[in-house]
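Novice: Sharing a structure, written as structure tokens. Questions coming.
Residue numbers (the working numbering), protein chains in the order written: chain H, 10 to 425; chain B, 10 to 425.
Structure follows, in structure tokens:
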């Protein structure tokens, strides 16, 4: 017999353009499931459970819930909270169990990246150890695409689409004069180069970057300067995309050099600066060219107006599948995507053990990088183009995004 | 009797998302006008005239020309070339006249901002002084919206839409944790605050910035820090938008402090940095909060995927109106927009003397800034919301922008 009780959904880690689309998938499916007696949304992820800040999602206007597909960032609030090992300190776990009992929570859905799947896994194992029946399913999200086991991750497609689209547009802008310019663009991805590689997709628009530097390969400043100079001298322009996570041969982040050498100014403030700004300066010194540094910054993870329809649809689907899996008796798994072995692109849902996916990072395949280390091969295009396909029908009002406005009514435990 | 001969169209100054939409307006109208014998596009603005680099636009695929409405930046190439006073040095003017005679150019259309209208004006006056019949019409463009005489300028609406949309999305992202953050965003506009003010429109999405600093008012660092701190302490978050052009009471750009105090690093490179990065550091020192600096950078002028439909339509219209005015015998004018005195928003075309518009800057009205200098009044919303209304139907292919690909066939003068 299926478990009957409340469910909690929480959002954790860095936001994406489609994390709320997964929330919509969970809520819409859970609200119509007869085994789920109450649909709760946790404020700021697991912190909302610990602080007993749970919203009653049935109190929300269905139209607003649907607008979650149109709303970037985490509508319930997010957190970066690492649960301790329960054998060292089980205070948090006891509190979680207390809250779960208070609301008769029998389903727990947690949406996040590596660390969040670790949280999910720990909660699941603890509840099991206490003999408390509760099905726990992780819903993946990360723009970085570095989650192990899944073909790709919701959030990546939209970030990739923004990065490639914007790269194409910047390329057109940055090469408009006949007087030459060098542009250094910085994408996120501390350890994995998926997002940086996504800029190469701009080639489809005829505006791909000239050079790309991923964190998977050691970065050599002199070789970089020589390459940039050569492209600039040949073409009169050069557009380079680098990862924020590029490191030199000693494993030191280039960003660390950028910040370490910064001197305090007249006000005693230290200049911060990313890798792109740092390298742009180096390029300027080496070439004398007009140089500009650009960071995709937060826009790459929140530009929902440029979301991929494929990504939004998959994010919704994975939320709904999590509910379907849990209510059919499955626990301790993460919803994942398997690419069907078919002619065109087709995503299939699979369920992976949380223990396996938590804390394992998926790097960009070295064999998809060109021999000279500054380009991306066709294999990646075949992989990534289906993920950025289609434009999400964005809701605009008065020429501006119409985001979901949630009431966030605090929940009361249901009477037995 | 109407003049019969070739026309030249050139693009000049900084690109926008819709400058090519005006090009489409000019080309499509000129190609069907019986008084225009040849439609020429100048490579890199007036430099293309001086270098005899003129493209025969009749050789282009009409579908590609139409895609100009979808293509940011200047498809023909741009320039920043200032013509000398002809009484000091008339070399360039003599060359222009030579080229005009070579191709029997009787219509000259120049698309740009203040400086380009000055070029337009000088060429027009010189041709007149030489008794060479040629009708000259300026087509305005600038994201900065600082062109005098016109209600607003093509390019501004799309930049404003991108800035406000992105501000709303960033706001959602930057306030997602309960641990607090301060975000300093930098918009373009060296002397005029129109673009910075546009961020305030994000209020319509419920995500307007907390504080706004325009270049029209002197910037005081201590007052700024106190304000940011107060908002942060009250709300737990603070999103500030500043103009790149903010100056202190002595008229010194804040960006100058940012660069002046920069020390050379270990490689001998100087750290560059915008006003936002500089102020973010100051805020970090003052508050200890998590602080992030974001620049809209080139994206604000090239993010055609987020263009305003109103802006694109008006840009096309103004190009076409320039051709209609010139071929009906008008010269020495700039096409401008007058807001009709009607119920809803309605744009009317008017023609202004080039002498009047060239080199006059239109600042943001001080009376539209709130008393404390950090907010924008309703009058600006009434002014700006119609300009960002509607979404341009963007052409996507494989999930990426489909830009116009012009053949750029060099023109041959027609036989007499």
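We put the beta carbon where it would ideally sit given N, CA and C, even for glycine.
Could you work out which residues of chain B lie near residue 412 (chain H), taking near to mean beta carbons separated by less than 8 Å?
Specialist: By Cβ distance, chain B contributes 177, 181, 214, 215, 216.
Novice: Name the chain H residues that come within less than 7 Å of residue 82 (chain B), Cβ to Cβ?
Specialist: Neighbours of residue 82 (chain B) on chain H, chain order: 181, 182, 185.
Novice: At the level of alpha carbons, what is the spacing between residue 114 (chain H) and residue 147 (chain H)?
Specialist: In a straight line, the C-alpha of residue 114 (chain H) is about 16 Å away from that of residue 147 (chain H).
Novice: Residues of chain B with CB closer than 7 Å to the CB of residue 87 (chain H), please, in chain order.
Specialist: The answer, in chain order, is 185, 186.
Novice: Can you grab the Cα-Cα spacing for the pair residue 69 (chain B) / residue 65 (chain H), in whole Å?
Specialist: Taking the straight line from one Cα to the other gives about 59 Å.
Novice: Which chain B residues are close to residue 408 (chain H), counting only those with a beta carbon under 7 Å from its beta carbon?
Specialist: In chain order: 170, 317, 394, 397, 398, 399.
Novice: In chain order, what are the residue ranges of uninterrupted beta strand (DSSP E) at least 3 long that sit wholly in the stretch 200 to 255 of chain B?
Specialist: Counting only runs of 3 or more, we get 220 to 222, 246 to 252.
Novice: Just curious, the beta strand (DSSP E) that residue 47 (chain H) is in, first and last residue?
Specialist: First-last of the beta strand (DSSP E) with residue 47 (chain H): 45 to 51.
Novice: Hey, is the stretch 99 to 119 of chain B in contact with the stretch 195 to 215 of chain H, meaning 3+ C-beta pairs nearer than 8 Å?
Specialist: Verdict: no, contact absent.
Novice: For a test of the three-state rule: what should DSSP assign to residue 284 (chain H), helix, strand or coil?
Specialist: Of the three classes helix, strand and coil, the one that applies to residue 284 (chain H) here is helix, per DSSP.
Novice: Taking only the alpha-carbon atoms, compute the straight-line gap between residue 353 (chain B) and residue 399 (chain B) and give it to the nearest angstrom.
Specialist: Going from the Cα of residue 353 (chain B) to the Cα of residue 399 (chain B) covers about 15 Å.
Novice: Please report the distance separating the alpha-carbon of residue 268 (chain B) from that of residue 283 (chain B).
Specialist: Between residue 268 (chain B) and residue 283 (chain B), the C-alpha separation is close to 8 Å.
Novice: Against residue 310 (chain B), what residues of chain H qualify as contacts under a CB-to-CB distance less than 7 Å, listed in chain order?
Specialist: Ordered by position in chain H, the residues that pass the 7 Å Cβ test against residue 310 (chain B) are 182.
Novice: By DSSP's criteria, residue 377 (chain B) is part of a beta bridge. Which residues make up the other side?
Specialist: BP columns for residue 377 (chain B) are empty, so no partner.
Novice: Do residue 331 (chain H) and residue 118 (chain H) have their C-beta atoms closer together than 8 Å?
Specialist: For residue 331 (chain H) and residue 118 (chain H), yes; Cβs fall inside 8 Å.
Novice: Is residue 174 (chain H) close to chain B? Criterion is C-beta to C-beta, closer than 8 Å.
Specialist: So yes, residue 174 (chain H) belongs to the interface.
Novice: Under the criterion of a Cβ to heavy atom distance below 7 Å, does residue 147 (chain B) qualify as lining the ligand SAH?
Specialist: The ligand content of the structure shown is nil, which means the ligand SAH is not present either.
Novice: If you draw a straight line from the alpha carbon of residue 42 (chain B) to that of residue 121 (chain B), how long is it in whole angstroms?
Specialist: Answer to the nearest angstrom: the Cα atoms are 23 Å apart.
Novice: Using a beta-carbon distance below 8 Å, is residue 152 (chain B) in contact with chain A?
Specialist: Given the protein chain composition of this structure (H and B), no chain A is represented.
Novice: Can you check which of these residues, B:324, B:348, B:423, is closest to residue 492 (chain B) by C-alpha distance?
Specialist: Given a span of 10 to 425 for chain B in the structure shown, any question on residue 492 (chain B) remains unanswerable.
Novice: Give, in chain order, every residue of the stretch 47 to 64 of chain B whose Cβ lies closer than 9 Å to some Cβ of chain H.
Specialist: Within the stretch 47 to 64 of chain B, the qualifying residues are 52, 53, 56.
Novice: Which chain H residues sit within Cβ distance under 9 Å of residue 108 (chain B)?
Specialist: Result: empty, since nearest Cβ-Cβ is about 17 Å, beyond 9 Å.
Novice: Check whether the stretch 324 to 339 of chain B and the stretch 183 to 192 of chain B are in contact - that is, three or more C-beta pairs closer than 8 Å.
Specialist: With the cut-off at 8 Å, the stretch 324 to 339 of chain B and the stretch 183 to 192 of chain B do not touch.
Novice: Taking the alpha carbon of residue 346 (chain H) as the reference point, which residue from H:30, H:292, H:320 has its own alpha carbon closest?
Specialist: Of the listed residues, the one whose Cα sits closest to residue 346 (chain H) is H:320.
Novice: Using a Cβ-Cβ cut-off of 6 Å (strictly less than) and excluding sequence neighbours within five positions of residue 164 (chain H), which residues of its own chain qualify?
Specialist: Cβ neighbours of residue 164 (chain H) beyond the five flanking positions: 25, 27, 150, 151, 152.
Novice: Who does residue 20 (chain H) pair with in a DSSP beta bridge?
Specialist: Its beta-bridge partners are H:120.
Novice: Considering only C-alpha positions, which residue in the set H:421, H:408, H:105 is nearest to residue 56 (chain H)?
Specialist: Checking every option, the nearest Cα to that of residue 56 (chain H) belongs to H:105.
Novice: So is residue 337 (chain H) buried or exposed if we call it buried at 16+ other beta carbons inside 10 Å?
Specialist: By the neighbour-count rule (16 or more Cβ atoms within 10 Å), residue 337 (chain H) is not buried but exposed.
Novice: Just to confirm my understanding: we take residue 17 (chain B), look at its own chain, exclude 5 residues before and 5 after, and list those with CB closer than 6 Å. What are they?
Specialist: For residue 17 (chain B), where only same-chain residues beyond five positions count, the Cβ hits under 6 Å are 49, 51, 114, 117.
Novice: Chain B partners of residue 405 (chain H), CB-CB under 7 Å?
Specialist: Result: 400.
Novice: Using 10 angstroms around the beta-carbon of residue 427 (chain H), count the other beta-carbons present and answer buried if the total reaches 16, otherwise exposed.
Specialist: Residue 427 (chain H) lies beyond the range of chain H shown here (10 to 425); nothing can be said about it.
Novice: Let me know the secondary structure DSSP gives residue 309 (chain B) once reduced to three states.
Specialist: Helix, per DSSP.
Novice: Counting only beta-carbon atoms, is residue 21 (chain H) nearer than 8 Å to chain B?
Specialist: Judged by the 8 Å Cβ criterion, residue 21 (chain H) is not in contact with chain B.
Novice: Do we get a CB-CB distance below 8 Å when we pair residue 303 (chain H) with the residues of chain B?
Specialist: Yes, residue 303 (chain H) counts as interfacial toward chain B.
Novice: So which residues on chain B does residue 313 (chain H) lean against when the C-beta distance must stay under 7 Å?
Specialist: Going along chain B in sequence order, the residues near residue 313 (chain H) (Cβ under 7 Å) are 178.
Novice: Given a threshold of 16 other Cβ atoms within 10 Å of its Cβ, counted over all protein chains shown, does residue 306 (chain H) qualify as buried or as exposed?
Specialist: Counting Cβ neighbours within 10 Å, residue 306 (chain H) comes out buried, since at least 16 surround it.
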